[in-house]
Each structure stands twice: as C-alpha cells, then as structure tokens.
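Notes follow once the structure below has been shown.
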Amino acid sequence: MKAAVIVFPGSNREGDMARALELATGAPPAMLWHADHELPAGTDLVVLPGGFSYGDYLRCGAIAGRAPIMDAVRGHAARGGLVLGVCNGFQILCESGLLPGVLMRNANLRFVCKMQHLRVERNDTAFTRNYLEGQIIEVCIAHGEGNYEADDATISRLEGEGLVAFRYCDQAGILGGAANPNGSRNDIAGVYSEKRNVLGLMPHPENLIDPLVGGIDGRALFESLAHAA
Amino acid sequence: MKARVVVTLKNGVLDPQGKAIEGALKSLGVSGVDSVRQGKIFDIEMTGDAVTAKAQLQAACEKLLANTVIENYRIDI
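In order, the protein sequence lines correspond to chains E and X. Okay, so the first sequence: first residue is 1 according to this note's numbering, each after it adds one. Okay, so the second sequence: first residue is 1001 according to this note's numbering, each after it adds one.
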C-alpha cells in the first residue's frame, strides 16, 4: 500500500493522517503539495486530510477542489485508484466533482467538536473490510459545515446503490434526532463514489487510533486500506 | 468594465444563516420581515467587450464562483 497525503494551504490534520497511515501500512505516506501536478508512481491511495484549506474562502473546499494536483487525483480515481477525504477532504471531494452532494453549514449553526457514534453501512469495500456490517463505532467529529445535502434524485441513487458509507447514530445504533449532529440528510456521515473507490466522510477516524486518546475505533479503516492494495 | 455576479441559494435549499439573520432582524424589532436568504456578490473588473466578458464570467460561475448543486447565479454587466 503506497499512500500519498495532499497538503493544501490551511490543511491541519495531515500529521494525524500520516501517523494513522504509517501505523497501519508500516511506511510513511508521501506528502504532496497542492501545487504539484503528479502523484508519485505506484500510488495506491490518495488522502485529502482535514483542515481549513484556503481559509474556507468562497465555500469550504471550493478552491482546493480546483488546485493543480486535483487533476491528478481525478485521473487516479478514474483509473479505479483509492481516494479518501476526511472532513475538509470530504468537502474538497464534493467540490471537485469526485463525490456528489455538498456539505452545508450545520443546521444548528454551531461548530461541533465531540465524540460521535457511527454505523458502518457495509463492510465489503476497500475502506471497511476490517469492520463488521452494521458495526457501531465511536470516533470524533469537528466541523462547522458537515450538513450533507444533495437533490432528491441523488439521495435516492446513493441509497438505492448502497453508496452511503457511514451514518450518524447513538450508542445503541439508533438513527435520527439528537444523534444527528449537523442536520445531514438521512443521517449521512460519509459516501462512496459509484465504484466505491472514493470515500468522503466528515468524522475523523485518524484521531481514534491510539488508546491514549480514548479509543481505537478508527484503526480498522486504515487496516482495511493497508490490505486493499 | 465593471461586472457584478450575484450568487444565491436555490429555492428549497435550507439556509441556516439566512434563518439566523431573519431571527436577529425580528428580535431587533424590524417589522414586516417574512424571510431572509443570504447570498454573495462578486464585483469583477473585466477587460474586453461585453459579450466575451459575459461568456468568461459564465465559465467562472460554472467552474468556481457558484456550486450549481445548491446555488444559482446571475451576471450583470
């Protein structure tokens, strides 16, 4: 598994992401700058980390989604290569057209930073093989714009084709109500591309890999990826 | 030449910021406010003729200034 992490001006979770990837794959990922035009030869996985790329100017992820390196990321995805976007990375994937929909301001207008339970919708993807289907995991969220929206046709396509990756839920796995932290349609916390080789999610699995910080439920995502290529 | 691009949320898209502003206006005692929708204005200096400028700005809106999943745009020259 050869991973590359893209760093934009304003990214701030790239260090956490690199640590999680190294722990799972045994090798540090390549760190690429947004102005680069190519991925290192043999890259299996491209990761867009969290942060506030370009200060969230215009719209979250809007400017990063058009950065020079994104053409290479789109090419990699079109060839079936794996792409993971977390938090701001998810926003960038939506803005770049690699994933459908958009992340809007949280419905309650507040930045939410807390532990959050998620339901793993399927475990037959490169990202989730080391989880169980329907498993409830606890990771953290930290975002002001995580309210997933798309038109009705897109939402029914995502649901019909099994492209919802994670949903917000409570400890018991119950969806809806207070368990939805940001107002996302259908409690969607993460979605896959059509071929399930691109995943974007708002929560931060890379921050839950060490018992020291309160849990290791994020590890299985990186371990799944480590064995995917 | 001065151009103005106005980007607004499509009808039916929830606008929590507009709602908050609407609530604030009401709490300030501004009467007659039925609803508020927040948008963006870009004032852009363009060179060249109006037809070319409009075409360029249209491309700018589609590529960057608006997210057409949730936003409409209008170009005034």
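Glycine is no exception: its CB is placed at the ideal position from the N, C-alpha and C atoms. All values reported here derive from a predicted model rather than from experimental measurement.
- In the same chain as E:Arg167, and ignoring 5 residues on each side of it, the C-beta atoms closer than 8 Å to its own belong to Leu118, Arg119, Glu121, Leu175, Asn186, Asp187, Ile188, Ala189, in chain order.
- Here X:Arg1004 really is in contact with X:Asp1043; their C-beta atoms are around 6 Å apart, less than 8 Å.
- Under DSSP, no beta-bridge partner is assigned to E:Asn186.
- A distance of 8 Å or more separates the beta carbons of E:Met115 and E:Asn147.
- When DSSP reads this structure, X:Arg1004 sits in a beta bridge with X:Asp1043, X:Asp1076.
- Under a 10 Å Cβ-count criterion, E:His227 is classified as exposed, with fewer than 16 other Cβ atoms of the shown protein chains found around its own Cβ.
- Taking the Cα positions, E:Glu138 is about 26 Å away from E:Val7.
- Here DSSP, grouped into helix, strand and coil, assigns E:Ile216 to coil.
- Taking the CA atoms as reference points, X:Lys1019 sits about 49 Å from E:Gly26.
- Burial is judged here by how many other beta carbons sit within 10 angstroms of a residue's own beta carbon; E:Arg79 has fewer than 16 and is exposed.
- Within 8 Å of the CB of E:Gly101, the CB atoms of chain X belong to Val1069, in sequence order along the chain.
- Counting only residues of its own chain and dropping the five nearest sequence neighbours on each side, E:Ala20 has a CB closer than 6 Å to the CB of Glu206, Ile209, Phe222.
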